[in-house]
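Residue numbers are given in our numbering: position 23 of the sequence shown equals residue 23, and the series is strictly consecutive. Quick reminder that beta carbons are idealized off the backbone N, C-alpha and C, glycines included. None of these values were measured; they are calculated from a predicted model. I have placed the structure first, in the form of structure tokens, so that the comments after it can refer back to it.
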Amino acid sequence: MRIVVSAQGDTLESPTSPVFGRCPTYVFVDSETMSFEATPNPAMSQGGGAGIQAAQFVVERGAQAVLTGNLGPNAYDVLAAAGIPGYLVPEGTVRQAVEAFKAGQLKPMGGANVVAHAGMAGGAGFGAGRGRGRGMGRGMGMRGGGQPTAPAQPAPEAPAEEELAQLRETLKGLRQQLAETMERIERLEKEG
Numbered sequence: 001m002r003i004v005v006s007a008q009g010d011t012l013e014s015p016t017s018p019v020f021g022r023c024p025t026y027v028f029v030d031s032e033t034m035s036f037e038a039t040p041n042p043a044m045s046q047g048g049g050a051g052i053q054a055a056q057f058v059v060e061r062g063a064q065a066v067l068t069g070n071l072g073p074n075a076y077d078v079l080a081a082a083g084i085p086g087y088l089v090p091e092g093t094v095r096q097a098v099e100a101f102k103a104g105q106l107k108p109m110g111g112a113n114v115v116a117h118a119g120m121a122g123g124a125g126f127g128a129g130r131g132r133g134r135g136m137g138r139g140m141g142m143r144g145g146g147q148p149t150a151p152a153q154p155a156p157e158a159p160a161e162e163e164l165a166q167l168r169e170t171l172k173g174l175r176q177q178l179a180e181t182m183e184r185i186e187r188l189e190k191e192g
């Protein structure tokens, strides 16, 4: 079976990506032989419609299942129309995700598990309720077309330790992604 995993790098040992439409790389894996092909995500930097374009990309390349952290409604609809199921992947490597899939340990997604535009910086989910009573964080982020969103209801605040742990984990992933991007730029510059 040809499986695609949203990833932060181009090997089986790369961390999985928590996003689908804007992940850096798709790793297509043959679940029987574990041979793989890594392809940069052409939709990663799209201003809008990244989920749709990304889903069409993996469909065109013969994916039979998608392993990812989050799947928006537009991407989910494209994949569902093509008969390709999505599976929720916890943190780990591409190899671990495929092995968990083969062992039947991954939960199939019955629908999108994030709202539209969740992967866009400045969109839904960024800045909302983070003011801590200091008059900041009104949640007036901008969505795709530059239209202001309605003020978000502040989420109950997690204890500071939990939030710090989450931020450190995010930073770890960003550092890994930055290192891989810099490495790729260096390779391309040497080739060109």
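Its chain contains Gly9 as the residues whose beta carbon lies nearer than 6 Å to that of Glu180, once the 5 sequence neighbours on both sides are disregarded; these appear in chain order. DSSP assignment within the segment 33-89 yields the following whole beta strand (DSSP E) runs of 3 residues or more, N-terminal first: 36-40, 65-68, 86-88. Put simply, of Gly192, Arg2, Pro15 the residue whose alpha carbon is nearest the alpha carbon of Gly92 is Pro15. With fewer than 16 neighbouring CB atoms inside 10 Å of its own CB, Gly104 falls in the exposed class. In the same chain as Gly21, and ignoring 5 residues on each side of it, the C-beta atoms closer than 7 Å to its own belong to Ala43, Ala50, Gly51, Ala54, Gly72, Ala75, Gly119, in chain order.
Within the same chain, Phe28, Asp30, Gly62, Ala63, Gln64 come within 7 Å of Arg2 by CB-CB distance, once the 5 residues on both sides are set aside.
Going by beta carbons, Leu67 and Phe101 fall inside the 8 Å limit. Under the three-state reduction of DSSP, Arg184 is assigned to helix. Under the criterion of beta carbons closer than 8 Å, Val4 and Tyr26 qualify as touching, at roughly 5 Å.
Spatial neighbours of Pro108 in its own chain (CB-CB distance under 6 Å, excluding positions within 5 residues in sequence) are listed in chain order as Pro85, Tyr87. Between Ala97 and the set Glu189, Ser6, Gly192, the nearest pair of CA atoms involves Ser6.
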